[in-house]
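Let me begin by presenting the structure, written as structure tokens, before commenting on it.
Protein chains: 4
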Amino acid sequence: MPELLFPLDSTKSFTEQEIVGHNRWHPDIPAAVTVKPGTSFRAHCREWFDGAIHNDDSAEDILNAPLNNVHTLSGPFHIEGAEPGDLLIVDILDVGPIPQEDSGPLAGQGWGYTGIFAKQNGGGFLTDRFPDAYKAIWDFSGQTTTSRHVPHVKYTGITHPGLMGTAPSAALLAKWNAREGALIATDPNRVPPLALAPELDGAILGSLSGDEFSRVAGEAARTAPPRENGGNQDIKNLTKGTRVFYPVFVPGAKLSFGDLHFSQGDGEITFCGAIEMGGFMDLHVDLIKGGMDTYGVSENAIFMPGNTAPQYSEWIAFSGISVTVDGEQKYLDSDLSYQNACMHAIDYLTKFGYSPEQAYLLLGSAPIEGRLSGVVDIPNSCATVYIPTAIFDFPIAPSASGPFQIDPGMGAPRAQF
Amino acid sequence: MPELLFPLDSTKSFTEQEIVGHNRWHPDIPAAVTVKPGTSFRAHCREWFDGAIHNDDSAEDILNAPLNNVHTLSGPFHIEGAEPGDLLIVDILDVGPIPQEDSGPLAGQGWGYTGIFAKQNGGGFLTDRFPDAYKAIWDFSGQTTTSRHVPHVKYTGITHPGLMGTAPSAALLAKWNAREGALIATDPNRVPPLALAPELDGAILGSLSGDEFSRVAGEAARTAPPRENGGNQDIKNLTKGTRVFYPVFVPGAKLSFGDLHFSQGDGEITFCGAIEMGGFMDLHVDLIKGGMDTYGVSENAIFMPGNTAPQYSEWIAFSGISVTVDGEQKYLDSDLSYQNACMHAIDYLTKFGYSPEQAYLLLGSAPIEGRLSGVVDIPNSCATVYIPTAIFDFPIAPSASGPFQIDPGMGAPRAQF
Amino acid sequence: MPELLFPLDSTKSFTEQEIVGHNRWHPDIPAAVTVKPGTSFRAHCREWFDGAIHNDDSAEDILNAPLNNVHTLSGPFHIEGAEPGDLLIVDILDVGPIPQEDSGPLAGQGWGYTGIFAKQNGGGFLTDRFPDAYKAIWDFSGQTTTSRHVPHVKYTGITHPGLMGTAPSAALLAKWNAREGALIATDPNRVPPLALAPELDGAILGSLSGDEFSRVAGEAARTAPPRENGGNQDIKNLTKGTRVFYPVFVPGAKLSFGDLHFSQGDGEITFCGAIEMGGFMDLHVDLIKGGMDTYGVSENAIFMPGNTAPQYSEWIAFSGISVTVDGEQKYLDSDLSYQNACMHAIDYLTKFGYSPEQAYLLLGSAPIEGRLSGVVDIPNSCATVYIPTAIFDFPIAPSASGPFQIDPGMGAPRAQF
Amino acid sequence: MPELLFPLDSTKSFTEQEIVGHNRWHPDIPAAVTVKPGTSFRAHCREWFDGAIHNDDSAEDILNAPLNNVHTLSGPFHIEGAEPGDLLIVDILDVGPIPQEDSGPLAGQGWGYTGIFAKQNGGGFLTDRFPDAYKAIWDFSGQTTTSRHVPHVKYTGITHPGLMGTAPSAALLAKWNAREGALIATDPNRVPPLALAPELDGAILGSLSGDEFSRVAGEAARTAPPRENGGNQDIKNLTKGTRVFYPVFVPGAKLSFGDLHFSQGDGEITFCGAIEMGGFMDLHVDLIKGGMDTYGVSENAIFMPGNTAPQYSEWIAFSGISVTVDGEQKYLDSDLSYQNACMHAIDYLTKFGYSPEQAYLLLGSAPIEGRLSGVVDIPNSCATVYIPTAIFDFPIAPSASGPFQIDPGMGAPRAQF
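Residue numbers (numbering that gives the first Met the number 0), protein chains in the order written: chain W, 0 to 416; chain U, 0 to 416; chain S, 0 to 416; chain H, 0 to 416.
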């Protein structure tokens, strides 16, 4: 085990730790830890809601999840010698649930959760069809997982960090705030919102306090979206063994990360689509001096995925095109196409006995593939979603004899309101 | 070899064949061939432009490609006993270039082509950056391919039909025409167009003639987009060994197919992104009676991919978010995110010596993966593109020593105009 | 299709063809065809028994199979400029059943066969347990296969040539004859024999005739074993896309090949374990001048397997150690260990309803993996065999509820004698 | 983390622990721990030589390695309710190096070793060619490893337990002793020996002491070979996620395990071929009552491998046949064939600059595949070995330009004697 540089005590909240992380992006959040290029280290990560979601059979916690508080990030890590224009090489040596803790009240202690977020509190990819809050608890056994809320399925998690990135420069941050503010201004009261403006409520900024806290909190970007610095990319393929190259925008790079996922399908479609957990990351960092220009990388991460992701060889796949449920023709809208592909998958799974919500929760967390299959054939793009057949304990292919009927069990808990 | 039911003579044009196929969708195009469920058969397929594109070092043919004439489809195949509401099972037993013909003037005779289409004649995924016409010729050697126009790369083709589907019912066709007409009406003079209306010019409708030809041609849908019947889905994963389930909308199903691709990456991003070719398909067909309702399949294809697609284990990947080149923030626009990911890949490849057009042509045709990685993190979706590193004959990973410099050779021909 | 340089007419026997191949190894068998380095060509291949095995429900043909007549090879191909000491690069561009012929009396015309050879006529890996002759016919549908004699299993063939190699020099041939003769001399009447001496009966030597035929036939090596020149290696991984490097022992290399297998598991354990067929090979040849010394290759083939072999991700595996059925301890005998692993697999499969012979025929032909897992742990080596679970249409894993019971159907035909 | 039931303190020797394991097989070694079916637990494992091998640049420790002391096993674990005739299901939930300890003097603390054992102390697969003792130290970084003694190679470990099994019954043990004694008696003074008789020196038998210790030590089987109970199978494919089914021979099953390998190629060819380490195993156990008869499993393990083993897609492969280096023809001897295949690989690698010993150490530890390709083609079997090309940081394929020359660095230390 590499040296633990960012410890978290599972019995304490995120702000009561010895080293306090952050949940906003800003160049002036002080570095929590300093490391040299060429070194390896371990960091603990807190689950994104800091313990607000419980291992029970109610979805009230999902309904009322404190969205202003996310994501509880570990960092910033100052990399010695890193300067704007460099590429920061981050090797994900290992990533997993909370080490040495197999049970307890915190997601990552042997279990995790997936939620369908209510339309008025977060929403999600299919929020018009699924406007209410639901939850599924997933139990870990080694690298496999099962759920009492979504029975008859078991799969190997494709474990990864949902969020990792470097700090923005002041100029880059200003650009984010300007462009996102402009978008919000087009429909400021939309539910769910178009984007999230800086927000003092719930802000955590490491060791900052007083006036400096207030200033930075008023400017700092929310962590929800991915941006030029990487951020909440939710790329399921950032598994153990992956090498990522991040652009460096500030001296020391100020690397931060968190939002660990035991597993997630392409798209993280239920919003909290992944199986959320706390845990640890073992990282190795290095630099390519001047690498942004040398390799033409001005934004977003380049990466080389690891080679131990779970392997499946048989799939059932669904396709969708860019026509709305109401029959309106959209122009090459791959988000809509992927929504349709996912809805087709959900409709299909319900024929075997799952509720639509169980099927949706399954798609969000299992190692499904979501591909942009056709993006040029006007006016319809074509998106496809692939589910590994081996994760089901019953035959899932279409046949002349019709779908096998499962017992869906207790189902996924739904919040009352 | 299964019995050849739809032959094509490579020395004759598509309309001079013994059996004439079609290039529009309409329920009244007469079936060309009748087959029983449970049987296998072979059909030849003509490349989508019927020989208009040549194996040379000019892109004039791409610039002037006759878009009204596409896609030259084989069929319709009437499946005995198929009725609306059934699912048609199509097993792709084999698919490949023109059998027994290794050289000649027709794409599929040992070679194929990829094109960047000019903005005023087709466009493409990145048409604002690449408004001019370019071409690359790819030579086949078994299942691998190389190009004099894109040197230092060699890969195993992920061979598949770009287009396959059943005929629409009259009601479904009317729905298509209504919704696509409504879209076109929002900006009827756009270049490239938002969608393609029915068009008599270039229509081929099998054995129809006279007034019936005129009536059907005036109503028939263009083959460019994928729709409820499958159609031009351009799913690269429909490789040999794949089982596809199509909804049946008309008696006999009226299956048609074509637009074979020697290889294509996710998205077919250069419009004619795949390596286009003529060739053959060996298919086996069967029915699940009443399967549309039994399995909840009302539209688009379900499929189970084959297990002999080319395997790669190391990848260099790029990510993108939904912010325009001009810095405008869009809301969860995965097409834009994928455009950005692809542009990042192109920028990267140019650092090794490729021209941007060479890089673009490479991305369109190589077995790249394009994933909808994050679709819920407002306001930015995250799309990712993965290029197998083993296809290059030089080291492609970032390193401290900087990018290896290749000789880009003659480059991809560009049309003069 | 590359130019067809070695045609075979399916209606004629191997010796009645326009170009006659050979079934012995000798440097003086004249080249049938000459090709330049850097060129591609097609050759037809005859199934190894030249049509003696029929598509029926009897195993009499296996019992009486003419072993002196094998293997009917295509070649020799003289490679211009090849000299002793060079490495001959052979790219397997494609390999498959008899093109354009889907039915007929010859294996490769849409079907193939697997046989258990009788102990007194060939034997096999488990001949003491399976001393009688059995047969299974396999029907091809694209690249998948099924058998009326081994029901409830369907798999993608891992298609390859069982036999390919260069001609030995006179000195090398003399060495073969000396060492194999010495082995035979230790037990000349053994059934099955320890090795096969040169044999005039059944010899086919291309265009040779008269005295020269007699001389060469009296010296020429049988084609049964693999040797320094490659030969009958039966490596299932020589699939389409593979590049093989053969040592060159005579001017022109004199490449020959045949014994095509639609599929075969590691070991080809039933002797005629593969699914035997005639068909075609598309090859590209080139030279590394002086490559034997440059790369330290003095014997046997080096190869780089293709990347389109069938992919499976779930396996049921069995292990074995080097103790005989009678309980005798052998010293690190991996053949015995692999026999035991295979017997364990057979015993297991019979619990589901298969006869032992069906299970044996299945293991010989399906794409199983056979690994030398431990070879140093005195006195027992450990060998393992892996069967892909997805090839069965019923659940094959052990469970508390016990094995699913299949209907074994008519079973595998057994020869009466 | 499941409950830790078998702890080891890295600062103490194996016999000084709170719970003492064992290094012999005997039914009367008392169970160390009792667990119920259906439960998960963690156990620590000591490296097989209990710390005798050091992280340095000398091979004296390999030369003098105390072979009587191996293997230091964790267990026996008594599974409640297990009876002879049952199948014990063991799920390998996780396996890895010593948790939370990244540096230190014990293999598994961030590093491991591979050794070539001297012919007079252990020997190995190629001991006639490599009679002297050599060592390579491998440093771990996440799941990848590199060695200062074998430079220019880096690979993902295929981590697994080399040894796991149930206790033999008294009758089974007697059978082992009888058959192995008979083998030893055929050449009792052979170096290395044919097998290892019971040996008091170095015996560790858990909590046994006094007369009972002496009795049991005098009867107990050595742990070197795999046997009916599983044991030292060295199956590299027993990776995380694997389910193994062991026969139960005694009440409680008495499961034991150890000899963890960070990585190993098929065959573990250098004897201590794997990268040896201490570490941990997380296991889940369950029973199939009466399963041995139900599934026909009387000996050796059945298993279903996990799906997260490292994936590679390009390989360079070598073949070998059963002719000795001196030219003697052996009869279907796959061990000899595999020796030849490995020697060809070694000879090849030396052309790039490696010493033969470096190449041998590489083959033993990297995730190579070793296949029994042909086992019936008298008189030569054909074995093949496959090395993933991506593990090298230089081009490893043969080419016209000849082999790239590496700097082999300090080389692998050799013991002086």
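Think of the CB as a built atom: it goes at the ideal place given N, C-alpha and C, for glycine as much as any other residue.
| Query | Result |
| --- | --- |
| Simplified DSSP assignment, three categories, for aspartate 210 (chain S) | helix |
| Closer than 9 Å at the beta carbon, the chain H residues around serine 312 (chain U) | Pro309, Gln310, Tyr311, Ser312, Glu313, Pro387, Ala389 |
| Cβ distance (whole Å) where isoleucine 274 (chain W) is taken to contact threonine 144 (chain W) below 8 Å | 7 Å |
| Beta carbon proximity, lysine 235 (chain U) to chain S, threshold 9 Å | no |
| Listed by chain order, chain S residues near arginine 226 (chain H) by CB distance under 9 Å | Ile320, Val322, Asn379 |
| Buried versus exposed call for leucine 348 (chain S) [16 or more other C-beta atoms within 10 Å across all chains shown] | buried |
| Distance CB(asparagine 299 (chain W))-CB(serine 372 (chain U)) smaller than 9 Å | no |
| Within-9 Å CB hit, isoleucine 78 (chain W) to chain U | no |
| Residues of its chain near threonine 388 (chain W), where Cβ-Cβ distance is below 6 Å and the 5 sequence neighbours each way are ignored | Glu313, Ile315, Ile395 |
| Delimiting residues of the beta strand (DSSP E) encompassing arginine 370 (chain W) | 368 to 373 |
| Rounded separation between proline 6 (chain W) and glutamate 17 (chain W) - CA only | 8 Å |
| Neighbour flag for lysine 239 (chain U) against chain S, beta carbons, 9 Å | yes |
| Span of the alpha helix (DSSP H) around serine 140 (chain H) | Here serine 140 (chain H) belongs to no alpha helix (DSSP H); instead the beta strand (DSSP E) covers 133 to 140. |
| Segment contact, 8 Å Cβ cut-off, at least three pairs: the region 30 to 43 of chain S with the region 222 to 232 of chain S | no |
| From H:Gly103, H:Gly277, H:Val215, H:Ala308, residue whose alpha carbon lies closest to that of glutamate 368 (chain H) | H:Ala308 |
| Selection of the region 146 to 170 of chain W by Cβ proximity to chain H, strictly under 7 Å | Thr155 |
| C-alpha distance - glycine 408 (chain W) paired with histidine 260 (chain U), whole-angstrom precision | 45 Å |
| Glycine 217 (chain U) and proline 304 (chain U) closer than 9 Å at C-beta | no |
| Collapsed DSSP secondary structure at tryptophan 47 (chain W) in the structure displayed | coil |
| Residue burial classification, glutamate 15 (chain S) (beta-carbon count within 10 angstroms, cutoff 16) | exposed |
| Burial state of glutamate 267 (chain H), where buried means 16 or more other Cβ atoms lie within 10 Å | buried |
| When U:Ala194, U:Ile345, U:Ala365, U:Glu179 are compared against serine 297 (chain W), the one with the closest alpha-carbon | U:Ile345 |
| Proximity of phenylalanine 40 (chain S) and leucine 4 (chain S) at Cβ, strictly below 9 Å | yes |
| Which of helix, strand or coil DSSP assigns to histidine 70 (chain H) | coil |
| Start-to-end residues for the beta strand (DSSP E) that takes in histidine 25 (chain U) | Looking at the DSSP string, histidine 25 (chain U) is not in any beta strand (DSSP E), and its letter there is neither H nor E. |
| Isoleucine 274 (chain U) in three-state terms, based on DSSP | strand |
| The region 232 to 248 of chain S touching the region 158 to 166 of chain S, judged by at least three CB pairs closer than 8 Å | yes |
| Contact between the region 105 to 116 of chain S and the region 132 to 144 of chain S (3+ Cβ pairs under 8 Å) | yes |
| The region 318 to 334 of chain W contacting the region 173 to 185 of chain U, beta-carbon criterion three pairs below 8 Å | yes |
| Chain-order list of residues whose beta-carbon lies under 7 Å from that of valine 215 (chain S) (same chain, five-residue window excluded) | His25, Asp27, Ile28, Leu204, Leu207 |
| Test: glycine 122 (chain W) CB closer than 9 Å to a CB of chain U | yes |
| DSSP-derived helix/strand/coil call for leucine 343 (chain U) | The residue asked about is misnamed: residue 343 (chain U) is histidine in this sequence, not leucine. Looking at histidine 343 (chain U) - three-state DSSP - the assignment turns out to be helix. |
| Alpha-carbon spacing of isoleucine 386 (chain W) relative to tyrosine 337 (chain W), whole angstroms | 14 Å |
| Backbone secondary structure at isoleucine 427 (chain S) - three-state DSSP | Outside the displayed span of chain S (0 to 416) sits residue 427 (chain S), for which this structure offers no information. |
| C-alpha gap between histidine 43 (chain H) and glycine 95 (chain H), whole angstroms | 10 Å |
| Contact set between the region 84 to 101 of chain H and chain W, restricted to residues whose Cβ is under 8 Å from the partner | Asp90, Ile91, Leu92, Asp93, Pro98, Gln99, Glu100, Asp101 |
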